[in-house]
Amino acid sequence: MTQIPIRTSTVNMSTGETEKTEVAHMTLLPCDTSKGQCAYCAAVHLPNEPHNAQSLYYQYRIYGERGIWPNWGNAMEHCDGATRQRWKAELVSRGVTIDQLVPRAPAGD
Ligand SMILES: [Zn+2]
Numbered sequence: 019m020t021q022i023p024i025r026t027s028t029v030n031m032s033t034g035e036t037e038k039t040e041v042a043h044m045t046l047l048p049c050d051t052s053k054g055q056c057a058y059c060a061a062v063h064l065p066n067e068p069h070n071a072q073s074l075y076y077q078y079r080i081y082g083e084r085g086i087w088p089n090w091g092n093a094m095e096h097c098d099g100a101t102r103q104r105w106k107a108e109l110v111s112r113g114v115t116i117d118q119l120v121p122r123a124p125a126g127d
C-alpha cells in the first residue's frame, strides 16, 4: 500500500485567513495483478516496456513514493536504451513532449 499525502487548509470564510494547514494521507491499495496488470501503473505491458505515464494509478503511486508527479521520462527509467529510443520516437511522432526526469522532491516537501 502506498500512502499519498494530501495537504488540507481550513480557511475562515469571514476573514479569508487560513486557520490551519495539515497533511492527511490517502491509502492507495495495491492493484490486482492477477490478469497481468503492472503493479506500478495498472496497465498491461511487458516488463521491459514503459509504464503508462498517463495512468492515474501510476501518477498517484509515484507521487506517494517519491513526492513527484511523474512524466514519460520517469515511466521509462527501467527500460533499456533501445526501448527508450523507440518509445521516445513514437511518442514524439504523436506530439508528446518528452520531459526530462522529474527529480525527487526535497525532503519535507
Ligand atoms: Zn507499468
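Using my numbering, the letters of the sequence shown map in sequence onto residues 19 to 127.
Cβ coordinates follow ideal geometry from the N, Cα and C atoms, glycine included.
Please read all numbers here as calculations on a predicted model, not as lab measurements.
Exposed or buried, residue i, counting other C-beta atoms within 10 Å across all chains shown (16 or more means buried)?
i: W90; result: buried
i: M44; result: exposed
i: A100; result: exposed
i: A93; result: buried
i: Q77; result: buried
How about residue i and residue j: are their beta carbons less than 8 angstroms apart?
i: S73; j: A57; result: no
i: Y81; j: I22; result: yes
i: T26; j: E35; result: no
Report the CB separation of residue i from residue j in whole angstroms; it is logged as a contact under 8 angstroms.
i: M19; j: L64; result: That pair is no contact at about 25 angstroms.
i: N70; j: C97; result: Incorrect: roughly 13 angstroms between the Cβ atoms, too far for contact.
Provide the residue(s) that pair with residue i in DSSP beta bridges, ordered along the chain.
i: A61; result: According to DSSP, A61 bridges with nothing at all.
Task: Ranges of the alpha helix (DSSP H) found wholly within the stretch 85-111, counting only runs of at least 4 - done: 90-93, 99-111
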